[in-house]
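Positions 919 to 1038 (our numbering) are the ones given, in order, by the sequence shown. Glycine included, C-beta positions come from ideal geometry on N, C-alpha and C.
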Amino acid sequence: RYTPDGGHIALDWRVTADGAEFSVADTGIGIAAEHISRLTERFYRVDRSRSRATGGTGLGLAIVKHVLIRHQAELVVGSAPAQGSRFTVRLPARRVKVVTDAEAGPAASSTVPTNTASLR
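Structure follows, in structure tokens:
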């Protein structure tokens, strides 16, 4: 929706010393600094004139915020206009359990890395 044709979207999942992080980064239109602190407000739209063209209700990140609060996690947003954005979910170690493929059992996909993390 916010990344033009030819742009890139990258997903990253990693276990850290403090827990785990999941990031989504793009090379899209970016977001000006003055809007970042309001992105998780219900119905907030950075550019109301684009709401019809891009669709959506302005609830997505508000819902994400409440889910993360329930998991004692946080959302970190970094962005710059015309450069793209990075949305990172940081989960605390007490909410993450690192498992191996053997521990995950036969239902685990062979494409899942050996050391993965899951919510408890």
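First and last residue of the uninterrupted alpha helix (DSSP H) at R963: That residue, R963, is in no alpha helix (DSSP H); it is neither H nor E in DSSP.
Name the two residues that bound the continuous beta strand (DSSP E) containing R1004. Annotation: the continuous beta strand (DSSP E) that includes R1004 extends over 1002-1010.
Does the segment 919-931 come within contact of the segment 976-987, defined as at least 3 CB pairs closer than 8 Å? No, the segment 919-931 is not in contact with the segment 976-987.
Nearest by alpha-carbon distance to H953: which of D1019, P999, A1020, P1024 is it? Nearest C-alpha to H953: P999.
Give me, in chain order, the residues of the same chain whose beta-carbon lies closer than 7 Å to that of E992; leave out the 5 immediate sequence neighbours on both sides. If we look at E992 and ignore the five residues flanking it on each side, its Cβ neighbours are L986, R1008.
Flag this pair as yes or no: are the beta carbons of A942 and F1005 separated by less than 7 Å? Checking the sequence, you will find Val at residue 942 rather than Ala. Yes, these two residues count as a Cβ contact at 7 Å.
Taking only three categories from DSSP, how would you classify A1022? A1022 falls in the helix class under three-state DSSP.
With DSSP as the reference, label L957 as helix, strand or coil. Coil.
Applying the criterion that 16 or more other CB atoms from any shown protein chain within 10 Å of the CB defines a buried residue, is F961 buried or exposed? Its Cβ having fewer than 16 others within 10 Å, F961 is exposed.
From the DSSP secondary-structure annotation, give me the bridge partner or partners of L993. Bridge partners of L993: V1007.
Using 8 Å for Cβ pairs, my map puts Q1001 next to G925. What's the rounded Cβ distance? Approximately 11 Å separates the beta-carbon atoms of Q1001 and G925; this is outside 8 Å, ruling out the contact.
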